[in-house]
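Structure first, commentary second.
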Amino acid sequence: MLAEALGRGGVDRLTSDLECLSRLGSNWASATLGYLNLLPSRDSKRHPGRAIEQCSRALDAGDPYSLFVVGWARFLLTRNRRESVKHMLEASNKGFVPATLAMSFFVWPDVRATLSFIDEAQHAKHKAAWAMRCGFYCTGRLGPMKRLLGYVMTQPARLQFRVGRFLDPLSLAVLVFNFKDELPAFRSAR
52 MLAEALGRGG VDRLTSDLEC LSRLGSNWAS ATLGYLNLLP SRDSKRHPGR
102 AIEQCSRALD AGDPYSLFVV GWARFLLTRN RRESVKHMLE ASNKGFVPAT
152 LAMSFFVWPD VRATLSFIDE AQHAKHKAAW AMRCGFYCTG RLGPMKRLLG
202 YVMTQPARLQ FRVGRFLDPL SLAVLVFNFK DELPAFRSAR
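Counting the sequence shown from 1 gives a position; the working numbering is that position plus 51.
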């Protein structure tokens, strides 16, 4: 349905359909709208406050996708990991694998906790977990051999993630949030 709305009328149609579903009480539509507000807009700005606002009803219902979105929104607003962890950990505990993988970022530099969250995400078959592990190994915190392994395995790990994202772009197994992106998430149709 999302892909159809995007194909029929672009981002504006997709947003309109999601807003309609959100008004009807759909938690995932509210969370998706919130997520879209975390991404850079056409003017390259993010709107984390609006994301929190859009997820508020679903958040009250304990929706894990909304908890994930609000966790990232709080981080974008404050750059305070502790404030974000509460929401992200609750989403992870509810089985929302993208939040489990995100927790590896939030608990860094605790090596044991970071690897534990990556292991859990990899066990749940999140396609980015292997790439995240390689990035962690590349830091050298686990010694020179793991660092070398990280560098050697990074490209195959990234390829696995890209192929997974290409084959099933709307799957939770490929959902990641990159807070460093600066380019708009969607470009205008020509």
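Ideal placement from N, C-alpha and C gives every residue a C-beta, glycine not left out. Bear in mind the structure is a predicted one, so any value in this text is a computation, not a measurement.
The stretch 156-234 contains, as complete alpha helix (DSSP H) runs of 4+ residues, the segments 162-174, 180-189, 195-218 (chain order). In the three-state DSSP reduction, R64 falls in the helix class (H, G or I).
Membership of A142 in the alpha helix (DSSP H) is indicated by the continuous run 132-144.
Rounded to whole angstroms, K231 and C189 show a C-alpha spacing of 19 Å.
Around the CB of L218, fewer than 16 other CB atoms lie within 10 Å, so the residue is classed as exposed. Taking the CA atoms as reference points, S77 sits about 46 Å from L199. Between the stretch 79-96 and the stretch 106-124 there are three or more inter-stretch CB-CB distances shorter than 8 Å, so the stretches are counted as touching. Of the candidates E134, T129, L69, the residue whose Cα lies closest to the Cα of C106 is L69. Secondary structure of D111 (DSSP, three-state): helix.
When the beta-carbon positions are compared, F147 and L223 come within less than 9 Å of each other. Approximately 5 Å separates the beta-carbon atoms of E141 and L118; this is inside 8 Å, confirming the contact.
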